[in-house]
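> Following the working numbering, the numbering of the sequence shown begins with 277 at its first residue and continues without gaps. Heads up, the beta-carbon is just placed ideally off N, CA and C, and yes, glycines get one too. Please read these numbers as outputs of a predicted model, since none were measured by experiment.
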Amino acid sequence: MTPLSFAVLALAAVLFAPAVTAQANCSYAAIQCIQDKACNQSFHQYNTACASAYLSGLSSDCTSQCNTSLAEAIRLEPALSDCECTDYACSIGQRNLVKACYGIIVPAKFCGDINVDCNANSTCAAASLDYVAKCGAAFGSGKQSDCTDACRMSLNALLTIEPKFRTCTCGGEPTCEASQKNIQAGCFTCDVIGQYCYDDPMCRPLVTKYTTDCGTLLSGATMTCSKDCLDSTNALIVAEPTFSTCQCAMSNSNCTIEQTRLASCYAMPGSCAYASAVCRTDVTCNAALQTYLTECGKVFESGAPADCTMKCRDSLNNLLTVAPSFITCSCAGDAECIMSQTNVEKGCYQGYRFCSKLYADCSGKPCGNQIDAYVNACSKVIASGAKADCTLDCLSKLTAATQSISGLSTCVCPTADKACTMSQQNFKDAECYANCSYAAIQCIQDKACNQSFQQYNTACASAYASGLSSDCTSQCNTSLADALARQPNLGTCVCTDYACSIGQRNLVKACHGKILPPKFKFCGDIVVDCNANSACAAASQDYLVKCGAVLGSGKQSDCTDACQMSLNALLTIEPKFRTCMCGGEQICEASQKNIQAGCFTCDVIGQYCYDDPMCRPLVTNYTTDCGTLLSGAVKTCSKDCLDSTNALVAAEPTLSTCQCAMGNSNCTIEQTRLASCYATPESCAYASVVCGTDVTCNAALQTYLNECGKLFESGAAADCTTKCRDSLNNLLTVAPSFITCSCAGDAECMMGQTNVEKGCYQGYRFCSKLYADCSGKPCGNQIGAYVTACSKLIASGAKADCTPDCLSKLTAATQSIQGLSTCVCPTADKACTMSQENFKKAECYYHANCSYAAIQCMQDKACNQSFQQYNTACAGAYASGQSVNCTSQCNTSLAEAIRLEPALSDCECTDHTCSIGQRNLVKACYDITVPAKFCADFSADCLGDSACATVLQNYLSNCGAVLGSGKQADCSDACRTSLNALLTTQPAFRTCPCGGDPMCDGPQKNIQAGCFTCDVIGQYCYDDLTCRPLVTNYTTDCGTLLSGATMTCSKDCLDSTNALVAAEPTLSTCQCAMGNSNCTIEQTRLASCYATPGSCAHASAVCRTDVTCNAALQTYLTECEKLFDSGAAADCTTKCRDSLNNLLTVDPSFINCSCAGDAECIMDQTNLEKGCYEGNRLCSKLYADCSDKPCGDQIDAYLNACSKLIASGAKADCTPDCLSKLTVATQSISGLSTCVCPTADKACMMSQQNFKDAECYYHATEGPTPTDGTERASVFALTWIVAVFFLAY
């Protein structure tokens, strides 16, 4: 048997929960405590001291030691004081403990608790005994025939006295679970449940409505489920869930017939099944649906274009016109629906997605946020189709979404999807496409286009830079025309940076003699225009002279009156200078930032806006709508104030970031009061204000705020009432924007959100909030990677779709992102709920440490039940390791827990508590000795051997002083002798890890510092026959360095030092013995030899030992010295670049060496990439940085999948698997698509060339940059964009 873990067995400590209210479940609180050394120690003391009180409930068993250890554990982990039991074993123990120690009766929660209370009441106890006697047969069998009239009467009598017995939960108590299941099946038939519901005043109206709305279906007069029947059925099942699973009474054929007829009514709103059910209730819609199903039947199964006939396509468009709900409905995991939808897209639209379905699939995921961002930014152009509405913000967000979301740029709109069709048409009319960088990437991914593009880059470089007609050669015109013919988007794309814009204007001027107005006019364009006007040029020069100080500092004190006057004069002549964009031009960006900070205070900007006839009305509206807030008469931001503030900020963005002028206290006060009005569209504050403007939404919001008010402040589970939870789900249904909104740093919002998660979901995060928090961060990339890799599984729930790639990405994300494995989905978040359900259905998890495996088990009701039974039954075996304590119940419950959560059988202990418990359990139940892992394990083994135990006790006695102090002076001869004796008896004590054991960590650190000086460690190594040859080699190879005869570390010395440190790691960190000056001198001299193989420091040390390599290295360091400091392209001279390529040729180890945290090395490498390669990474360095990280796994995955192609360059070797892995890696790893190969890196260059030859790229984000290390990437980057609008000239 594999070692079975249970850091979790401290979870036998789920034993614990001495309070009535709850914030997190007790298992979770126990895990939190166990992960803290001090808390874990108190927790185990409590487990032992309070065991009797926990079992008996008697005050005599609540000792002072129990009280003390319990109080200390609670002090260290407050969640233990109000945690909630999620199983009966915990609950009954909790009630006993609180009764014994505090004399308080905790309210009943589980059926067992209710039974205890019932037995304390004579009337209830008598009814309970009568029920048990008369229903015994039904308990055991679950057969309706055993639920006799006498049993039924007795059951009704008991439920009359104690109604809670009908709805209570067993909490994992096996006898209760079995009995409850059987009594439900035998006695609670559908007619009985119906009667119970009818007798309940809250449920009766739902029964009445259901009977009315579904009457014709139940009678057989109709065969389809009407919309009213569908809704009333769902409402009834929400109130009484057992209706959807109950069995009909024997011989009740009417019930069976009714259930069959009602089958079509069990469908979730928003699903395609629901849309179908509703459609069938309408004659016209049903006719359209049946025609579609008939005409497209063949394409549903085949996905072949030949089967997508004109009649099929027409019937689809007709159905979508009649019933638009089919446009956005979700398959909700229905495999047949998913296959049909996929095949329609495949057969009728060349495999391109329906935009509406792509949007639906992205809902609640990171890609959904990107879609929302571009839809919001482009809302005007979507509605108007006007070129003026294609703003830079819209274009930027559209480009980002198109590059990131596979299929977005090619998704299609069925004719009937009018909104989608209109949107696409309006983007075309506005000529609003992705920017020129994206268009160039599209061209580069086509071999023929790329060839023309590179020819154009070379031929048109001069015209692009100068704007002179003499530089526009015939070769330039020809190659550009050819590139445009192959990639028309180059003729319609838009420049979104100044370098592209000025180059574009120069090219058009040089080749066509025309002045091309840029789509977006940057500050540099305005400077050119200004300098062509003598008055403007003079004003510009005056401004630069008088405002020089503030342009450099950004300080208000440097914005003198002369500067302000000069600035005003310039803006009067050319107002565009105030709002123009720099477009990435660095000097402009810095100057603009400083002048804004120094001269454009809030009052100045306000005055500029007021003087502008277009802006003045917005100032007036703002002053009016926000008057009461600005004056302090009210404290909250009204909807009108919010809208007018946003309108003003949209017109004058700097108003939201400007600084008040020094000494303007009124301005500061107003800014403070207005804080609540600066709400970004993605924030919860904005969602709240918008919701408040709608009657229905505002009512839902106010109900939620009222019902959950206490919870926001407390985070207590007791305050997460049914009304609170229902109001939350209702609000999320009415306003889904609350699902994904962000608190955006609002402390009150974050506290409220945290407390809702804490009180209602045991402290687990909402998945949507966790995703939102990760947006734009590295964790967002990991989430995106696993969502992409697992997309099929998320939609299907099929085990076959839990691929190794999906599992690998899921594991990487789960291990890296705290809370991802335990995040929860509110009921209203359908996309999230479906995704989690499908992962469960596919049994797609990862196996990790035992704490994680235990959490996974506890989240499943059945597994948690077995786990808690195991906790109780195996506690003795876990603590003692004695076979007498391994009962049959322990074995059975353990086997069942493992069956339900296989990860428990092969998980790994990551702390000593888990390890010692694991070893005891395996020894007690299987008589197998698990190999020792932590020092505590070795101590236990040592104490079991009398000779070793004697030596250990002698060591503890003689070394007590140094174990406490860590001082060399306290490591006496007697201590050293006993230490040597112990290590001779058990050598593992010298290197074993503590595993978080506080009684081990401190003493181990101290004994290392006090007794294990360098000479001692050296002697230990010399006495070890395996290590001795390494000492000998080191002494020989480093002799001249140790003696001071040389000052550099030779290659042999470097290698032997590394070999010795690998065998004895403490040699690199040990301290010299006091007074051993030779040791100190040797350590100083050896410093240059402590370089790990693979590091650039190691490569340098090795290189210096070879004459040719050292000469190449010194030349490189000399020629590139300025570049290392500056990162400037001007300092990447030809000599610098040549010396780099020469060094890499002489010593290829420099190609992929790692800086290994060396700050100077990292800066040099960064500046080299910045200066010589426009900031693009060297591929080898990027790969090295990813080693041992999740991104390394992605690189390895694509390299393995594409290995044939990398070697051959053959198109046939660009397999779907290769392309898929390449796409995932490129989308997830920043810089992978643009990394470059120095000329000397032959393997890298061959790989990139072979990808080009095979035309193996992916069509989503950026393609691989075909840049040779000898080409200046800046020329490439600047010139590929020139093609903009050129087609028109």
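Can you give me the C-alpha to C-alpha distance between Asn1443 and Asn1417, rounded to a whole angstrom?
Position 1167 of the sequence shown holds residue 1443. Position 1141 of the sequence shown holds residue 1417. Taking the straight line from one Cα to the other gives about 16 Å.
> Let's see if you can read the secondary structure: which residues bound the alpha helix (DSSP H) around Gln471?
Here residue 471 corresponds to residue number 195 of the sequence shown, with the count starting at 1. Taken as a continuous stretch (DSSP letters only), the alpha helix (DSSP H) holding Gln471 covers 466-475.
> Any idea what DSSP makes of Met478, helix, strand or coil?
The sequence position of residue 478 within the sequence shown is 202, counting from 1. Note: Met478 maps to coil in three-state DSSP.
> Please give me, in chain order, every unbroken run of the alpha helix (DSSP H) with length at least 4 that falls completely inside the segment 1422-1489.
If one requires a minimum length of 4 residues, the alpha helix (DSSP H) runs lying completely within the segment 1422-1489 are 1435-1449, 1455-1462, 1466-1477, 1479-1484, in chain order.
> Tell me the DSSP bridge mates of Val688?
Residue numbering aside, residue 688 sits at position 412 when the sequence shown is read from its first letter. For Val688, which the question treats as bridged, DSSP gives the partners Phe630.
> Whole-angstrom Cβ separation of Asp406 and Ser430, contact assumed at under 8 Å?
Within the sequence shown, the letter at position 130 stands for residue 406. Within the sequence shown, the letter at position 154 stands for residue 430. 5 Å between Cβ atoms; contact.
> Looking only at its own chain, which residues have a Cβ that is under 6 Å from the Cβ of Glu850, when we skip the five neighbours before and after it?
The residue you call residue 850 lines up with position 574 of the sequence shown. Around Glu850: Cys806, Cys812.
> Of the residues Lys694, Ser591, Asp583, which one's Cα is nearest the Cα of Thr604?
Working through the sequence shown from its first residue, we reach residue 604 at position 328. Thr604 has its Cα closest to that of Lys694, out of Lys694, Ser591, Asp583.
> Among the candidates Pro383, Cys309, Cys361, Leu373, whose CA atom is the shortest distance from the CA of Ala349?
Here residue 349 refers to the residue found at position 73 when the sequence shown is read from its first residue. The shortest C-alpha separation from Ala349 is found at Cys309.
> Measuring alpha carbon to alpha carbon, tell me which residue in Ser867, Glu861, Cys799, Ser833 is nearest Leu827.
Translated into the one-based positions of the sequence shown, residue 827 becomes position 551. The shortest C-alpha separation from Leu827 is found at Ser867.
> Report, in whole angstroms, the separation of the C-beta atoms of Gln1144 and Asp363, which I expect to be a contact under 8 Å.
Looking up residue 1144 in the sequence shown gives position 868. Looking up residue 363 in the sequence shown gives position 87. Yes, they are in contact, since the Cβ atoms of Gln1144 and Asp363 sit about 5 Å apart, within 8 Å.
> Sort Tyr1392, Gly462, Thr500 by Cα distance to Met526 and report the nearest one.
Looking up residue 526 in the sequence shown gives position 250. That would be Gly462, whose Cα lies nearest to the Cα of Met526.
> Exposed or buried, Gln1058, counting other C-beta atoms within 10 Å across all chains shown (16 or more means buried)?
Counted from its first residue, the sequence shown places residue 1058 at position 782. Counting Cβ neighbours within 10 Å, Gln1058 comes out buried, since at least 16 surround it.
> Given Gly802, which residues of its chain have a CB within under 7 Å of its CB, disregarding the five upstream and five downstream residues?
On the sequence shown, position 526 is the one that residue 802 refers to. A small correction: the amino acid at residue 802 is Ile; Gly does not occupy that position in the sequence shown. Within the same chain, Ile802 has close Cβ partners Glu850, Lys852, Phe853, Cys856.
> On the criterion of 16 or more Cβ atoms from any shown chain inside 10 Å, does Leu334 qualify as buried, or is it exposed?
Along the sequence shown, read from residue 1 onward, the residue named residue 334 stands at position 58. Exposed: under 16 other Cβ atoms inside 10 Å.
> Which residue's Cα is closest to the Cα of Ala937: Lys440, Gln872, Ala961, Gln978?
Here residue 937 refers to the residue found at position 661 of the sequence shown. Answer by Cα proximity: Gln872.
> If the criterion is Cβ atoms closer than 7 Å, does the pair Leu847 and Cys875 meet it?
Residue 847 sits at position 571 when you count from the first residue of the sequence shown. Residue 875 sits at position 599 when you count from the first residue of the sequence shown. Against a cut-off of 7 Å, the Cβ pair of Cys875 and Leu847 comes out as no contact.
> At which residues does the alpha helix (DSSP H) containing Leu987 begin and terminate?
Locating residue 987 in the sequence shown gives position 711, counting from the first residue. Leu987: member of the alpha helix (DSSP H) spanning 985-990, first to last residue.
> If you reduce the DSSP assignment to three classes, tell me which class Phe602 lands in.
Reading the sequence shown from its first residue, position 326 is the one you call residue 602. The answer is helix: DSSP assigns Phe602 an H, G or I state.
> Quick one: what's got a C-beta closer than 8 Å to Val651's C-beta in the same chain, skipping five residues either side?
Stepping through the sequence shown from its first residue, residue 651 is reached at position 375. Hits under 8 Å: Ile658.
> How long is the line joining the alpha carbons of Cys1287 and Cys1235, rounded to whole angstroms?
Taking the sequence shown and counting its residues from 1, the one referred to as residue 1287 is at position 1011. Taking the sequence shown and counting its residues from 1, the one referred to as residue 1235 is at position 959. Distance between the alpha carbons of Cys1287 and Cys1235: 10 Å.
> In whole angstroms, what separates the C-alpha of Leu1481 from that of Phe576?
Reading the sequence shown from its first residue, position 1205 is the one you call residue 1481. Reading the sequence shown from its first residue, position 300 is the one you call residue 576. Whole-angstrom Cα-Cα distance: 35 Å.
> If we count the other Cβ atoms within 10 Å of its Cβ and call it buried at 16 or more, is Leu482 buried or exposed?
The residue labelled residue 482 in the question sits at position 206 within the sequence shown. It is buried - the Cβ of Leu482 has at least 16 other Cβ atoms within 10 Å.
> DSSP three-state call for Val1560: helix, strand or coil?
By 1-based counting over the sequence shown, the position of residue 1560 is 1284. At Val1560 the pLDDT is 23, less than 50, meaning the model places this residue with poor confidence and gives no usable figure here.
> Determine the extent of the alpha helix (DSSP H) in which Leu1306 is found, giving its start and end residues.
For this step, residue 1306 is matched to residue 1030 along the sequence shown. Segment 1304-1313, the alpha helix (DSSP H) holding Leu1306.
> How many Å lie between Tyr472 and Glu983 at the Cα?
By 1-based counting over the sequence shown, the position of residue 472 is 196. By 1-based counting over the sequence shown, the position of residue 983 is 707. Roughly 28 Å between the two C-alpha positions.
> In this structure, how does DSSP classify Gly1371 when only helix, strand and coil are distinguished?
Locating residue 1371 in the sequence shown gives position 1095, where the first residue counts as 1. Per the sequence shown, the amino acid found at residue 1371 is Ser instead of Gly. Reduced to three states, the DSSP call for Ser1371 is strand.
> Based on DSSP bridge pairs, tell me the residues matched to Met857.
Here residue 857 corresponds to residue number 581 of the sequence shown, with the count starting at 1. Partner(s): Phe798.
> What's the gap between the Cα of Asn897 and the Cα of Lys663?
The residue you call residue 897 lines up with position 621 of the sequence shown. The residue you call residue 663 lines up with position 387 of the sequence shown. Distance between the alpha carbons of Asn897 and Lys663: 28 Å.
> Rounded to whole angstroms, what's the CA-CA distance from Val1292 to Cys1211? Just pull it up for me.
Locating residue 1292 in the sequence shown gives position 1016, where the first residue counts as 1. Locating residue 1211 in the sequence shown gives position 935, where the first residue counts as 1. So the alpha carbons of these two residues sit roughly 21 Å apart.
> State the Cα-Cα distance for the pair Ser816 and Asn782, rounded to the nearest angstrom.
Within the sequence shown, numbered from 1, the residue matching residue 816 stands at position 540. Within the sequence shown, numbered from 1, the residue matching residue 782 stands at position 506. In this structure, the CA atom of Ser816 is about 23 Å from the CA atom of Asn782.
> Output the boundary residues of the alpha helix (DSSP H) element that contains Asn530.
Numbered from its first residue, the sequence shown carries residue 530 at position 254. First-last of the alpha helix (DSSP H) with Asn530: 529-538.
> Could you give the distance in angstroms between the alpha-carbon of Gln1524 and the alpha-carbon of Asn1428?
Counting from 1 along the sequence shown, the entry for residue 1524 is found at position 1248. Counting from 1 along the sequence shown, the entry for residue 1428 is found at position 1152. Their Cα atoms are separated by approximately 16 Å.
> State the DSSP-derived secondary structure class of Phe703, mapped to helix, strand or coil.
Along the sequence shown, read from residue 1 onward, the residue named residue 703 stands at position 427. Three-state result, Phe703: helix.
> Mind reading off the beta-carbon distance from Ile1015 to Cys934? Whole number of angstroms is fine, and I expect it under 8 Å.
For the purposes of this step, residue 1015 is taken as the residue at position 739 of the sequence shown. For the purposes of this step, residue 934 is taken as the residue at position 658 of the sequence shown. Contact doesn't hold; Cβ gap of about 34 Å is too wide.
> Counting C-beta neighbours from all protein chains within 10 Å, is the total for Asn809 16 or more, i.e. buried, or is it exposed?
Here residue 809 refers to the residue found at position 533 when the sequence shown is read from its first residue. Exposed: under 16 other Cβ atoms inside 10 Å.
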